[in-house]
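Take a look at the structure set out below.
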Ligand code: ADP
Ligand code: ADP
């Protein structure tokens with residue numbers, strides 16, 4: 381089982397300025413933990429540390445009980461799929477963008493991921509189907525469609541651990557709600573770290589952590605935190 385644990389994690393980019401201080405929490409295997417808090421609190425830094433973009437300076441992060449510094453960066457990343465806030469897609473076809481990172485992905489696998497991310501019908505209805513260009517040439521995709529391509533790319537990888545780093549905050553509210561529902565269904569039975577601005581978007585998380593100034597200042601379920609005010 382892919383339990384994720386942060387144990388007394390401390391981190392700084394500049395030694396004069398601590399960013400995370402004594403951060404401890406657990407995401408039980410298959411559960412979703414959400415981190416909310418103001419901009420600059422250190423939420424994205426948590427995601428970068430889990431992805432081994434940087435290594436912690438204090439404490440440790442474990443996946444399935446193993447310190448992530450004890451395994452290669454590549455194998456940590458293999459276990460994790462990230463849907464970021466602003467997706468950068470290649471100026472290439474939808475198919476290429478979904479299959480990216482999984483060389484040898486078959487058309488059937490790409491279609492299945494597209495179906496799971498509910499972009500299949502959209503793609504199939506366009507004149508060139510999966511050959512539709514994402515970027516400047518050919519048919520352009522809307523922000524919501526691009527985000528669905530990014531979700532499909534992550535789902536195709538089928539990682540045991542997911543990170544949604546403000547995955548819908550760049551979208552308009554109609555797209556935001558639709559894509560939030562897709563992310564929730566993708567997160568079923570996956571060990572998931574959700575980073576969000578607002579408490580209202582993370583109602584069904586197993587636990588919600590409120591971060592401020594690099595510390596967890598409150599934690600609880602959605603009803604518990606609402607009761608705190
Ligand atoms: P959040 O996701 O909560 O907005 P971040 O984790 O992005 O917070 O940032 C926390 C703090 O770390 C901020 O003050 C930010 O300016 C600083 N920071 C983020 N990335 C870097 C970096 N690469 N180098 C130096 N400081 C950084
Ligand atoms: P906000 O706009 O409030 O800041 P964000 O757009 O930053 O919210 O991102 C939170 C993301 O996490 C959203 O895309 C949302 O769909 C997703 N999400 C929220 N709750 C869950 C959950 N329980 N399981 C999986 N994903 C979730």
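Numbering (UniProt numbering), first residue to last: 381 to 609.
Cβ coordinates follow ideal geometry from the N, Cα and C atoms, glycine included.
Backbone secondary structure at residue i - three-state DSSP
i, result
"residue 595", "strand"
"residue 408", "coil"
"residue 442", "strand"
"residue 557", "helix"
"residue 534", "helix"
"residue 425", "helix"
"residue 501", "helix"
"residue 415", "strand"
"residue 577", "coil"
"residue 457", "helix"
"residue 481", "coil"
"residue 434", "coil"
"residue 586", "coil"
"residue 524", "helix"
"residue 398", "strand"
Own chain residues within Cβ distance below 8 Å of residue i, not counting five before or after
i, result
"residue 584", "412, 564 and 602"
"residue 515", "469, 470, 471 and 472"
6 Å CB neighbourhood of residue i in its chain, flanking five on each side removed
i, result
"residue 440", "387 and 447"
"residue 438", "390"
"residue 570", "542"
"residue 381", "409"
"residue 548", "556, 559 and 560"
"residue 597", "590"
Under 8 Å between C-beta atoms of residue i and residue j
i, j, result
"residue 421", "residue 591", "yes"
"residue 385", "residue 406", "yes"
"residue 485", "residue 535", "no"
"residue 499", "residue 529", "yes"
"residue 467", "residue 423", "no"
Alpha carbon of residue i to alpha carbon of residue j, nearest angstrom
i, j, result
"residue 588", "residue 433", "23 Å"
"residue 505", "residue 496", "17 Å"
"residue 483", "residue 416", "35 Å"
"residue 537", "residue 481", "8 Å"
"residue 489", "residue 456", "23 Å"
"residue 398", "residue 575", "20 Å"
"residue 532", "residue 478", "6 Å"
"residue 435", "residue 392", "10 Å"
"residue 476", "residue 487", "10 Å"
"residue 449", "residue 554", "41 Å"
"residue 572", "residue 458", "15 Å"
"residue 605", "residue 599", "7 Å"
Other residues of its chain near residue i: CB distance less than 7 Å, five sequence neighbours each side excluded
i, result
"residue 509", "503"
Legend entry - Contact set, ligand 1 heavy atom to C-beta under 5 Å: 393, 399, 419, 420, 421, 422, 423, 424 and 425
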